[in-house]
Structure formats: C-alpha cells, structure tokens
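Asks: Residue numbers (this note's numbering): 739 to 835. Glycine included, C-beta positions come from ideal geometry on N, C-alpha and C. Please read these numbers as outputs of a predicted model, since none were measured by experiment.
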Amino acid sequence: GFIDNYDGAYKELDWPGDYWPKDPAPSDSEGWDQSIEGFHIARKRIEELIMDPSRELTAVFPWSEGQTLLHEALLAIEHTAYHLGELVELTVVLADH
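#1: Using 8 Å as the threshold, is the C-beta distance between isoleucine 788 and leucine 812 below it?
#2: Taking all protein chains shown into account, do 16 or more other C-beta atoms lie within 10 angstroms of the C-beta of isoleucine 741, making it buried, or fewer, making it exposed?
#3: What residues are listed by DSSP as bridge partners for threonine 806?
#4: The alpha helix (DSSP H) that contains arginine 793, what's its start and end?
#5: Smallest Cα separation from alanine 780: which of Glu824, Ser792 and Thr818?
#6: Going by DSSP, what residue range makes up the alpha helix (DSSP H) through isoleucine 784?
#7: Is valine 826 close to the ligand FMN? I mean its beta-carbon at under 7 Å from any heavy atom of the ligand.
#8: Using CA atoms only, rank isn't needed, just tell me which of Trp770, Ala814 and Gly804 is closest to lysine 866.
This is the structure in structure tokens:
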C-alpha cells in the first residue's frame with residue numbers, strides 16, 4: 739500500500755470509485771468475514787511499520803507529497819474511530835428493535 743511503497747509497487751487509486759465497494763454491504767456472512775479479516779491485516783501492517791525501529795515516524799515518504807508514517811497512522815486511527823462510532827450507533831439501533 740501507500741505507506742509501505744518502498745518497492746514502488748503502489749499505484750494511485752481513482753477517487754472515489756476505487757475507494758468504495760460497489761455494493762454498500764457484503765452480500766453474506768462470508769463477505770463480512772472477509773471485510774473484518776482485511777481490516778485486521780491492514781491494522782497489523784500499520785502496527786508493524788510503526789513499531790519498526792528502522793522507520794522514522796516523521797520522515798517524508800520519497801513517493802509522497804509530504805506525507806509521513808505518523809500522518810498516515812493518525813489518519814488511519816481517525817478513520818477507524820469514525821467507523822467504530824457508526825458500528826456502536828448501529829448496535830444501539832438494532833438492540834431497540
């Protein structure tokens with residue numbers, strides 16, 4: 739991905755089409771499981787990069803427009819918190835029904 743592009747393999751995605759799934763929700767429980775697994779894999783990779791002593795949190799990525807690992811990690815935390823809030827709201831709504 740973008741934050742681990744030292745091999746140059748990352749290709750910029752088109753906004754917004756490539757960032758959102760075509761369907762608003764997975765079609766079955768297997769789809770949900772795959773979504774959750776993908777989240778855990780991405781989170782683990784960010785954690786590995788942050789904890790890697792050879793990585794400078796504030797060094798600008800050579801392939802970026804000024805982004806750093808710290809910036810991208812904080813962005814991921816904020817984004818995850820937003821979705822966690824959505825899941826909590828959904829849980830409350832579903833519990834009321």
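Replies: Quick answer:
#1: Here residue 788 refers to the residue found at position 50 of the sequence shown. Here residue 812 refers to the residue found at position 74 of the sequence shown. No, Cβ-Cβ distance for isoleucine 788 and leucine 812 is not below 8 Å.
#2: Residue 741 sits at position 3 when you count from the first residue of the sequence shown. Classification of isoleucine 741: buried, given that the 10 Å Cβ count is 16 or more.
#3: For this step, residue 806 is matched to residue 68 along the sequence shown. Note: threonine 806 sits in a beta bridge opposite Val798.
#4: Sequence index remark: in the sequence shown, residue 793 carries index 55 (1-based). Arginine 793 -> no alpha helix (DSSP H), and no H or E assigned at all.
#5: As a working mapping, residue 780 is identified with position 42 in the sequence shown. Looking at the Cα atoms, Thr818 is the closest of the given residues.
#6: By one-based count along the sequence shown, residue 784 stands at place 46. Run containing isoleucine 784: 767-789, per the alpha helix (DSSP H) assignment.
#7: Ligands in the displayed structure: none, and consequently the ligand FMN is not present.
#8: Here the chain comprises residues numbered 739 to 835, so residue 866 is not present and cannot be evaluated.
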